[in-house]
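Engineer: Following the numbering used here, the residues of the sequence shown are numbered contiguously, the last one being 422. In this text, a Cβ means the ideal position worked out from N, Cα and C, and glycines have one as well.
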Amino acid sequence: MRCRAVVAGMFAAGLCLFAGHAAADPVPPGTTPTSMNMPGVPGRTSISLRVDFLNLQLGTANDTESRSGLSLVKLYMADYALRHGDRSAQDRQLAERMIRYSDDSAADASAAKYPNAIDAEAAEYGLPATRSGPTWGQSSTSTADITKFLDRKMTTDPGSPVLAWMATASPVAADGTAQNWGTARLPGVIGNKWGWSDYGPQQVGSASFGPGFTISAQTDGSPADQTADVVSGLTRSVLGIRLPVPNVG
């Protein structure tokens, strides 16, 4: 636990250094984001980080890879229903359950009503790796697409209920799964969404936002695998150092 606290504190210090630089040298609006690679992360995990106040994108080499969207695609579904739906109380209730509790039954009902939601969001927000599947649970996206979507929400629609519900996500999902891994374990995080596989090889995802940044990770492995990859990968990239990977299971 002490090692994890040290790593988290050093990562936070790195973001503070970023912020200090940004204050001294503001990024002109509309500037194309600068991309930087995140080395040393196992191929099982894809990570994408956007630091808005620096117009910076930091990611693993596979952060644009289309992977199983898991329950992270509920972000797109909820956003579509809220902005393009019939504005019914039911739509809002289903969207809240999808985000705060990752409720699959709510997603089933929303998908039945708005079957084109995911593809419509991909077209609107310019998400090249995001596409629907035969069911919402078979849809795909990438960590780069998720962070781009969340960044757009934060900059153009900061009052979105999607962000508010991410900030008040339940510690336990509708199916009893603990929601506490991956990007949510980083310092400075305000809101979170998680996803996981119910069938086949274990896969997990997480997406978070904080002051001026968005981050997402997808892992072919366990929640503990993802947390270790996120914490160690971000620490090495932000600070340019190599530390022993903490026990974050």
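1. Can you list, in chain order, the residues of its chain with a C-beta nearer than 6 Å to that of V377? Leave out the 5 residues immediately preceding and following it.
2. In three-state DSSP terms, what is W309?
3. Could you tell me the distance, in whole angstroms, from the CA atom of V362 to the CA atom of D225?
4. What does a CB cutoff of less than 8 Å around P331 pick up in its chain, not counting 5 residues either side in sequence?
5. Measure from the alpha carbon of G385 to the alpha carbon of each residue in H257, S405, P360, G306, then state which is nearest.
6. Going by DSSP in three states, T314 sits in which element: helix, strand or coil?
7. Quick check on V345: buried or exposed, where buried means 16 or more other Cβ atoms within 10 Å of its Cβ?
8. What is the rounded straight-line gap between the Cα of T316 and the Cα of S389?
9. Name the two residues that bound the continuous beta strand (DSSP E) containing W367.
10. So, with DSSP's three-state summary, where would you put R223?
11. Using the rule of at least 16 other Cβ atoms within 10 Å of the residue's Cβ for burial, across every protein chain shown, is M209 buried or exposed?
12. Out of S312, G213, P307, D236, which has the shortest C-alpha to C-alpha gap to G242?
13. Anyone know if the C-beta pair for A254 and A285 falls short of 8 Å?
14. Specify, as a first and last residue, the run of the beta strand (DSSP E) that L229 falls within.
15. Judging by CA-CA distance, which residue of G232, D264, F322 is the nearest neighbour of A296?
16. With DSSP run on the structure shown, which of helix, strand or coil describes T341?
17. Would the beta-carbon of W309 be found less than 7 Å away from any heavy atom of the ligand MG?
18. Per DSSP, what kind of secondary structure is S381 in: helix, strand or coil?
19. What's the C-alpha gap between S305 and D292?
20. I'd like the list of long-range same chain contacts for A280, defined as Cβ closer than 7 Å, with 5 residues on each side in sequence excluded.
21. On the DSSP letters alone, give me the boundaries of the alpha helix (DSSP H) that Q263 sits inside.
22. What separation, rounded to the nearest whole angstrom, lies between the Cα atoms of R325 and G383?
23. Compute the Euclidean distance between the alpha carbons of G299 and T320, then round it to the nearest angstrom.
24. So, S244 versus S275, is the Cβ gap smaller than 8 Å?
Structural biologist: Taking the geometry as given:
1. W369, T392, P396, Q399
2. helix
3. 14 Å
4. none
5. P360
6. strand
7. exposed
8. 5 Å
9. 364-369
10. strand
11. exposed
12. S312
13. no
14. 229-232
15. F322
16. coil
17. Looking for the ligand MG in the displayed structure turns up nothing, as the structure carries no ligands at all.
18. strand
19. 6 Å
20. K247, M250, M271, W309
21. 262-273
22. 13 Å
23. 12 Å
24. yes
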